[in-house]
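**Q** Protein chains in written order, with my numbering: chain A, 1 to 160; chain B, 161 to 320.
2 protein chains.
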Amino acid sequence: MSRPAATPRGEAGGARVSDATLREFIGYHMKRAFNGVQADLNQTLKPLGLRMVTYSALVLIVDNPGLRQSQLAEALDVERANLVVIIDELEGRELITRDRVPTDRRAYALNPTLAGRRLYDRALEAVRGHEARILNGMDEEAKQAVIAAMSVIRRGFEGG
Amino acid sequence: MSRPAATPRGEAGGARVSDATLREFIGYHMKRAFNGVQADLNQTLKPLGLRMVTYSALVLIVDNPGLRQSQLAEALDVERANLVVIIDELEGRELITRDRVPTDRRAYALNPTLAGRRLYDRALEAVRGHEARILNGMDEEAKQAVIAAMSVIRRGFEGG
DNA sequence: GTTTTTAGTTATAGATCATAACAGTTATTC
DNA sequence: GAATAACTGTTATGATCTATAACTAAAAAC
Chain A
1 MSRPAATPRG EAGGARVSDA TLREFIGYHM KRAFNGVQAD LNQTLKPLGL RMVTYSALVL
61 IVDNPGLRQS QLAEALDVER ANLVVIIDEL EGRELITRDR VPTDRRAYAL NPTLAGRRLY
121 DRALEAVRGH EARILNGMDE EAKQAVIAAM SVIRRGFEGG
Chain B
161 MSRPAATPRG EAGGARVSDA TLREFIGYHM KRAFNGVQAD LNQTLKPLGL RMVTYSALVL
221 IVDNPGLRQS QLAEALDVER ANLVVIIDEL EGRELITRDR VPTDRRAYAL NPTLAGRRLY
281 DRALEAVRGH EARILNGMDE EAKQAVIAAM SVIRRGFEGG
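(1) So, are the CB atoms of L218/B and L274/B less than 8 Å apart?
(2) With a threshold of 8 Å between beta carbons, is T181/B in contact with chain A?
(3) With a threshold of 8 Å between beta carbons, is N42/A in contact with chain B?
(4) Quick check: the Cα distance between M161/B and A39/A, rounded to an integer number of angstroms?
(5) Is DSSP giving A175/B helix, strand or coil here?
(6) What's the C-alpha gap between H292/B and I61/A?
(7) Which residues, taken in chain order from the region 187 to 216 of chain B, show a beta carbon closer than 9 Å to some beta carbon of chain A?
(8) Using the C-alpha atoms, what's the distance from R266/B back to L76/A?
(9) Compare the C-beta of I246/B with all C-beta atoms of chain A and state if any pair is closer than 8 Å.
(10) Compare the C-beta of G316/B against all C-beta atoms of chain A and say whether one is closer than 8 Å.
(11) Give me the Cα-Cα distance between R278/B and L208/B, rounded to the nearest whole angstrom.
(12) Would you list, in sequence order, the uninterrupted alpha helix (DSSP H) runs of no fewer than 4 residues that lie entirely inside the region 196 to 275 of chain B?
(13) Tell me the residue span of the alpha helix (DSSP H) that contains E300/B.
(14) Going along the region 282 to 297 of chain B in order, which residues come within less than 9 Å of chain A, judged by CB to CB distance?
(15) Where I134/A and N35/A are concerned, what is the direct C-alpha to C-alpha distance, given to the nearest angstrom?
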């Protein structure tokens with residue numbers, strides 16, 4: 001079992017770690033890039049008191065007023081149970097309301113308040129700035145190519 | 161303050177939720193695609209007893225025998241403290257060894273065992289299959305375009 | 001030789017996420 | 001129309017992940 005003599009890579013601190021094997025994979029690049037994007041987005045939203053999920057939820061509620069929690073949970077791809085605290089947060093800040101649905105007394109219709117719509121506007125502007133930053137000068141064609149590729153990948157899971 | 165009459169979107173269950181606003185953003189597409197990729201990768205690695213992090217760690221150790229935990233932590237972008245349990249797991253399964261470094265008795269040199277190298281081979285093969293699956297027929301040019309774009313995005317954070 | 005820094009570790013708290021169980025309501029089915 | 005099944009939102013809980021502080025041992029700096 002000749003064990004390779006634990007060569008400490010010569011000089012201390014030098015000698016970059018090679019990730020050549022992992023760089024073969026598109027998933028590796030996606031993870032590393034997305035880590036940075038997520039961190040930057042959350043920093044961007046922090047002054048508005050929003051996180052990535054609460055922001056996404058607010059946008060979907062403003063764009064789809066009256067939707068149910070279960071619909072929103074599915075759209076956001078989170079469990080109904082976990083959505084509750086997210087909605088609690090938005091409702092507690094009076095950005096949205098839970099309105100009873102007359103035709104189905106189990107369900108709540110989610111609607112934005114005026115404050116919710118205003119924060120939506122501000123958040124969207126902030127996120128557009130964030131996007132411009134992360135794109136880092138990338139041209140529109142390259143951006144659209146990425147979006148198309150992401151859609152191809154996603155379709156592979158949803159479509160079967 | 162005319163609040164839109166919480167219209168429950170007519171028929172129950174129908175009426176797709178529109179994410180048109182979010183689809184403007186590349187980050188949104190990246191998140192949704194990556195969610196699927198991550199789930200599929202973990203399913204792929206489960207039969208080998210590996211998760212995404214333990215797999216990445218194993219690959220880097222095989223490719224960079226003798227590296228220190230702190231180097232690996234930085235390469236994986238995890239805290240030194242959190243890397244400990246990952247290394248414990250790999251060492252417990254005798255896939256790697258922690259070897260004392262003669263020239264620095266604080267540090268451990270991480271080296272793969274023969275079993276570690278064999279699992280590395282199997283894992284790499286499995287992940288190549290996973291990648292082919294997620295690419296979903298995408299051509300090499302498109303794949304390289306995505307990798308280039310991810311690098312541009314990542315560079316924006318690292319480079320400053 | 002004292003102080004400062006570093007490597008690995010432990011402990012801990014926060015956030016995230018999946019799961020099961022429950023009450024109230026609606027839908028189905030005989 | 002009574003019994004059964006399914007669905008909506010909720011609570012509780014445990015697993016996992018992540019960040020932070022504090023500690024020991026050792027090396028480096030001064």
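C-beta atoms are modelled at their ideal positions from N, C-alpha and C, and glycine is treated no differently.
**A** Checking against the coordinates, here is how it stands:
(1) Reading the second sequence from its first residue, position 58 is the one you call residue 218/B. Reading the second sequence from its first residue, position 114 is the one you call residue 274/B. No, these two residues do not count as a Cβ contact at 8 Å.
(2) As a working note, residue 181/B is residue 21 in the second sequence. It does: the Cβ of T181/B has a partner Cβ on chain A nearer than 8 Å.
(3) As a first step, residue 42/A must be located in the first sequence, where it is residue number 42. Against chain B, the CB of N42/A has no partner CB under 8 Å away; the residue lies outside that interface.
(4) The count along the second sequence starts at 1 and reaches residue 161/B at position 1. The count along the first sequence starts at 1 and reaches residue 39/A at position 39. Per-residue confidence for M161/B stands at a pLDDT of 36, beneath the threshold of 50, marking its modelled position as unreliable; no derived number is given.
(5) Walking along the second sequence from the start, residue 175/B turns up at place 15. Note: A175/B maps to coil in three-state DSSP.
(6) Along the second sequence, one-based indexing puts residue 292/B at 132. Along the first sequence, one-based indexing puts residue 61/A at 61. It should be pointed out that residue 292/B corresponds to Ala in this sequence rather than to His. Those two C-alpha atoms are separated by around 36 Å.
(7) Flagged, chain order: G187, Y188, H189, M190, K191, R192, A193, F194, N195, G196, V197, Q198, A199, D200, L201, M212, S216.
(8) Numbered from 1 along the first sequence, position 76 holds the residue referred to as residue 76/A. Numbered from 1 along the second sequence, position 106 holds the residue referred to as residue 266/B. Answer to the nearest angstrom: the Cα atoms are 46 Å apart.
(9) On the second sequence, residue 246/B is found 86 positions in, with the first residue counted as 1. Not closer than 8 Å to any Cβ of chain A, the Cβ of I246/B fails to qualify, so no.
(10) As a working mapping, residue 316/B is identified with position 156 in the second sequence. Yes, because at least one Cβ of chain A sits closer than 8 Å to the Cβ of G316/B.
(11) In the second sequence, the residue the question calls residue 278/B occupies position 118. In the second sequence, the residue the question calls residue 208/B occupies position 48. Whole-angstrom Cα-Cα distance: 11 Å.
(12) Complete alpha helix (DSSP H) runs here, min 4: 212 to 223, 229 to 236, 240 to 252.
(13) For the purposes of this step, residue 300/B is taken as the residue at position 140 of the second sequence. Taken as a continuous stretch (DSSP letters only), the alpha helix (DSSP H) holding E300/B covers 300 to 318.
(14) Answer set for the region 282 to 297 of chain B: L284, V287, R288, H290, E291, R293, I294, L295, N296, G297.
(15) Walking along the first sequence from the start, residue 134/A turns up at place 134. Walking along the first sequence from the start, residue 35/A turns up at place 35. Whole-angstrom Cα-Cα distance: 12 Å.
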